[in-house]
Structure formats: C-alpha cells, structure tokens
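Report on the structure given below.
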Amino acid sequence: MRFVVHEHHASHLHWDMRLELDGVLKSWAVPKEPPVEPGIKRLAIQVEDHPLDYIGFEGIIEEGYGKGTVSIWDEGTFDVESRKKNKIVFLLHGKRLNGKFILLKFAKAGENGWLFFKAKEG
Ligand SMILES: [Mn+2]
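Numbering (this note's numbering) for the sequence shown: 1 to 122.
The following block contains the structure:
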C-alpha cells in the first residue's frame, strides 16, 4: 500500500499523514514534524478519510478550514505488521520516514487522538 505525508500550510502548519487502508486514505493531522527517529512522540489527530486519488495532491486549497498550500513532505509504500482498533504497527518505506512506526489510540472512546512514533531499533 502507499502512503503520503502532506505538509499543509493552513492557518496552523501541520502534516497530514495518509495511509492507504480499506480503499481510502486514512488520515491523521500531526501538528509537529513527523518523527524521523525513535524517542519522539507526536500527537496525531485522526481526521476524515480522503479518496485514494488525493495521494498525489499538491497545490493550493482556496477555501474552507484547510485553506492554504499543500506539498508532499514524504511518500512511499508501507506494510502493516499488525492492526487493531487502537493500535497500528506498520513499516514505512519513504524517503524521510523509514522503519517501523506505531499509531496508538488514546484510551478514551470516541476521541480522535493518537500517538505517532517510531519504534526503537532492534
Ligand atoms: Mn491538513
């Protein structure tokens, strides 16, 4: 499957990580630069699914809450190692993001907060 990380200069700069899953782009907005090394934990807010053909998008969003410019910060493929409702372990093969990563949902049901981090090596 493919993934992309969009760098999105909206009212607040953030990064949108999108994974090709279930026929859509599952998407998380990450308010700080995604973790390229282990030991950095990032908040990742799950946002609405995007259609698969959005994966290559770069350009200007003219209106709405996402108004601003979008460019591709990283892209590549990934393999899911395990997937549960509240935890996804996956291997990213990108230019900046490479290796094993984890998305871990917060305990509270109905909330969209996840932690996104790179697994320790070895
Ligand atoms: Mn965004």
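Just so it is clear, CB atoms sit at the ideal spot from N, CA and C, and this is done for glycine as well.
Checklist entry - If you draw a straight line from the alpha carbon of I61 to that of E33, how long is it in whole angstroms? => result 21 angstroms
Checklist entry - Does the Cβ of G66 lie closer than 7 angstroms to at least one heavy atom of ligand 1? => result yes
Checklist entry - Between which two residues does the beta strand (DSSP E) carrying L13 extend? => result L13 to L21
Next on the checklist: Check this for me: beta carbons of F116 and P35, under 8 angstroms apart or not?
Outcome noted: yes
Next on the checklist: If I measure Cβ to Cβ from E58 and keep anything under 7 angstroms in the same chain, skipping five residues before and after, which residues do I get?
Outcome noted: V70, S71 and I72
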